[in-house]
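S.K.: Numbering (the working numbering), first residue to last: 2 to 438.
1) What would DSSP say about residue 199, mapped onto helix, strand or coil?
2) Within its chain, find whatever has a CB closer than 8 Å to the CB of residue 321; leave out the 5 residues flanking it on each side and keep chain order.
3) Under the three-state reduction of DSSP, which class applies to residue 90: helix, strand or coil?
4) Three or more C-beta pairs closer than 8 Å, one from the segment 122-142 and one from the segment 158-172: is that the case here?
5) Where do the ends of the alpha helix (DSSP H) carrying residue 430 lie?
6) For a minimum of 4 consecutive residues, which ranges assigned as the alpha helix (DSSP H) are wholly contained in the segment 378-410?
7) By a C-beta neighbour count over all protein chains shown, 10 Å radius and 16 as the cutoff for buried, is residue 324 buried or exposed?
8) Put residue 103 into one of helix, strand or coil per three-state DSSP.
9) According to DSSP, is residue 435 part of a helix, a strand, or is it coil?
10) Straight-line CA distance for residue 258 to residue 222?
11) Leaving out five residues before and five after residue 376 in sequence, what residues of the same chain have Cβ atoms less than 6 Å from its Cβ?
12) With a threshold of 6 Å on Cβ separation, who are the neighbours of residue 250 within its own chain once the five nearest residues in sequence on each side are excluded?
13) What residue from 299, 392, 316 and 374 has the CA that sits closest to residue 349's CA?
14) Which ranges would you report for the alpha helix (DSSP H) in the segment 217-256 if only whole runs of at least 4 residues count?
15) Could you tell me the boundaries of the alpha helix (DSSP H) in which residue 146 lies?
16) On the three-pair Cβ rule with 8 Å, is the segment 384-401 touching the segment 145-165?
17) Which value, in whole angstroms, describes the spacing of the CA atoms of residue 400 and residue 96?
18) On the CB-based measure, 16 or more other CB atoms within 10 Å of its CB, does residue 284 come out buried or exposed?
19) Just the Cα atoms here: how many angstroms apart are residue 216 and residue 261?
20) If you follow the alpha helix (DSSP H) that residue 358 is in, where does it begin and where does it stop?
21) Report the three-state DSSP secondary structure of residue 180 (helix, strand or coil).
22) Using the rule of at least 16 other Cβ atoms within 10 Å of the residue's Cβ for burial, across every protein chain shown, is residue 189 buried or exposed?
23) Take the Cβ of residue 269 as the centre, count every other Cβ of all protein chains shown within 10 Å, and call the residue buried at 16 or more, exposed below.
24) What is the C-beta distance between residue 144 and residue 406, in whole angstroms, given that I count them as a contact (C-beta under 8 Å)?
25) Report, in whole angstroms, the separation of the C-beta atoms of residue 105 and residue 92, which I expect to be a contact under 8 Å.
26) Answer with buried or exposed for residue 16, where buried requires no fewer than 16 other C-beta atoms within 10 angstroms of its C-beta.
27) Measure the alpha-carbon distance for residue 57 versus residue 266 and round it to whole angstroms.
28) Leaving out five residues before and five after residue 403 in sequence, what residues of the same chain have Cβ atoms less than 6 Å from its Cβ?
29) Within its chain, find whatever has a CB closer than 7 Å to the CB of residue 176; leave out the 5 residues flanking it on each side and keep chain order.
30) Would you mind working out which of 98, 234 and 344 sits nearest residue 197, comparing C-alpha positions?
31) Is the distance from the Cβ of residue 228 to the Cβ of residue 109 below 8 Å?
32) Where does residue 172 sit, in a helix, a strand or coil, going by DSSP?
33) Within 10 angstroms of the Cβ of residue 208, are there 16 or more other Cβ atoms? Answer buried if so, exposed if not.
34) To which residues of the same chain is residue 55 closer than 8 Å at the C-beta, ignoring the five residues directly before and after it?
35) Give the DSSP-derived three-state secondary structure of residue 161 in the structure shown.
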């Protein structure tokens, strides 16, 4: 009963603060402060200073601003245009035609971005005008882009996986390994949906693409060399054990700057804009992480996580039943919070339950990311929906309906992960991360 009163108070204070427009990180700190003042005798100021410093000075966390910076650099280069020119000839003859460039483009860019929003904006700016010009169905253009852009959260380097790893003190490199195969499987499921709809949809009547010979396709493929080279440097250095996630991120930034310089899109002004954009995003996420660390500590002092874990344990749920409860929980939470906030806000309570159930924490990280991906395309706070609304000027309801089939595919992906856990565990178990990774 006491646990329930604490939960109600925490939720009440949190929603009051968030509803009044307070930043998420500060709202989390406010909830933690109130909880410690009311339910513990600890000196709140001392605890807060210690926890905020420890959360902000984590060496693992340095990978986050570096990957964000790399995404900012690539976002402002001609990489997306070149990517479309390289991918389009190979996609044209597939069932679904150039609609696959949305999925393939997001998959490729996710491997150098780490951010769903950056992936969506970059690939969307490239593909939406081209696909509209070729008379592809508008709803499919928007739906596939909304869904495929969420691969930025799964395929390494993933900002959400970095945050998850920092929150539960797990290897970032292992989490990156774990995200590769599920990310590719999800991309294939999206592509399968496009292929099926191209045969079933009455609205599917795109303009025919001019045929190109094999030599012409190979010639256009040269535009893919820069992005694949960068992927090879960033991901390959980790997989081969030469670099930690942080060191790979630094290599990625250097590679992205070199690409921008070669393309002639790097000036002192753009360099300053890149740096400030990455700094703003990194500071926002760092504040959320610091606030969540303080809230986790406050909840630990109140005994709430252990109490809730014991309560759920008393229900004697099987692993599958627990995962179904968490699936519904995160879908509902994702309607109101972004993915990173959902992860850091809940891990203090969820982690003990998951450990108690004997669920692999690396596998569970991928499970959480898939469910958090759904939050990007569920109203009313689906961030990808807002980005697409700004890009296409459609009503939110139209965009949400277009994205709904992709949401259902992600639900199926959750069950695929449960049935075949090796999708997420095989690479981490068989590849050696870099030292300290």
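The beta-carbon is built from N, C-alpha and C at its ideal position, and this holds for glycine as well.
M.R.: With the structure as the only source:
1) Residue state for residue 199 is assigned as helix, using DSSP reduced to three classes.
2) Same-chain partners within the cutoff: 419.
3) helix
4) No: the two stretches stay apart, fewer than three of their Cβ pairs being nearer than 8 Å.
5) From DSSP, the alpha helix (DSSP H) with residue 430 extends over 423-431.
6) 384-393
7) buried
8) helix
9) In this predicted model, residue 435 has a pLDDT of only 49, less than 50, meaning its place in the structure is not dependable; the value taken from the coordinates is given anyway. Three-state DSSP puts residue 435 in coil, outside helix and strand.
10) Going by the C-alpha atoms only, they are around 22 Å apart.
11) 335 and 340
12) 64, 67 and 68
13) 299
14) 226-240
15) 139-150
16) Because the criterion of three Cβ pairs below 8 Å is met, the segment 384-401 and the segment 145-165 touch.
17) 24 Å
18) exposed
19) 28 Å
20) Taken as a continuous stretch (DSSP letters only), residue 358 belongs to no alpha helix (DSSP H), as it is neither H nor E.
21) helix
22) The C-beta of residue 189 has fewer than 16 other C-beta atoms within 10 Å across all chains shown, which makes the residue exposed.
23) The Cβ neighbour count for residue 269, taken over all protein chains shown within 10 Å, is under 16; the residue is labelled exposed.
24) Yes, they are in contact, since the Cβ atoms of residue 144 and residue 406 sit about 6 Å apart, within 8 Å.
25) Rounded to the nearest angstrom, the Cβ distance from residue 105 to residue 92 is 6 Å, consistent with a contact under 8 Å.
26) exposed
27) Cα-Cα distance, rounded: 33 Å.
28) Cβ within range, chain order: 140, 143 and 144.
29) 162, 165, 166, 363 and 366
30) The shortest Cα separation from residue 197 among 98, 234 and 344 belongs to 98.
31) yes
32) coil
33) Flag for residue 208 reads exposed.
34) The answer, listed in chain order, is 294.
35) Helix, per DSSP.
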